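Working notes, beginning with the structure itself.
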Amino acid sequence: MNFFIINGPNLNLLGVRNPKLYGNDTLLDIEKWLNAHDNTEGHSFLWFQSNHEGEIIDHIHKAIDNADGIIINPGAFTHYSYAIRDAITSVNIPTVEVHLSDIYSREDFRKKSVIKDACIAQYFGLKKLSYLEGFKKLLTALR
């Protein structure tokens, strides 16, 4: 199965940006870790990161006919991007929202996700394990 893993703004700064909150792993570290975690079934992961909302939407659209599932960490777009939410619902591909930090224990503006209801699950506060839990949820949903 093929999976798109889409990361939003500022996630290219992981490992540098507030390690106490997000951990010491870079996005490339997380990518290598998840790619190596359980690939006995030959799953394919296509990783993408952008600081631009339109590029993220375009990439979600590319999932049609190219991905069985999507893991998305929308970053700050979580809290206000109805356009990303609409893109997720439009492609009709199982999608899981993930966050490295616990967005519900942070600033008030971060406690709302407009993306969550477009997804089959949401994982947060587990650092890189949020991606693994999202992947497991997609595997279960697709079997």
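Residue numbers (this note's numbering): 1 to 143.
Glycine included, C-beta positions come from ideal geometry on N, C-alpha and C.
These numbers were taken from a predicted model, which means no experiment stands behind them.
query: Which residues does DSSP list as the beta-bridge partners of Ile5?; result: Trp47 and Ile71
query: Using only CA atoms, which one of Ala63, Gly134, Ile70 and Phe109 lies nearest to Tyr80?; result: Phe109
query: So the candidates are Leu11, Ile93 and Phe135; which of them puts its Cα closest to the Cα of Leu28?; result: Leu11
query: Going by DSSP, what residues sit across from Tyr123 in a beta bridge?; result: Val98
query: Looking at C-alpha atoms only, which residue of Ile56, Trp47 and Leu142 is the closest neighbour of Lys32?; result: Trp47
query: Taking 6 Å as the limit between beta carbons, can you name the residues of its chain near Asn2, skipping five residues before and five after?; result: Ser44, Ala67 and Asp68
query: Would DSSP call Thr26 helix, strand or coil?; result: coil
query: List the whole-angstrom C-beta distance separating Ile115 from Ile70, where the pair is believed to meet the contact cut-off of C-beta under 8 Å.; result: Ile115 to Ile70, Cβ: 11 Å. No contact.
query: Do Ile72 and Ile120 have their beta-carbon atoms positioned less than 8 Å apart in this structure?; result: no
query: Over the uninterrupted alpha helix (DSSP H) stretch that includes Val91, give me the two end residues.; result: Tyr82 to Val91
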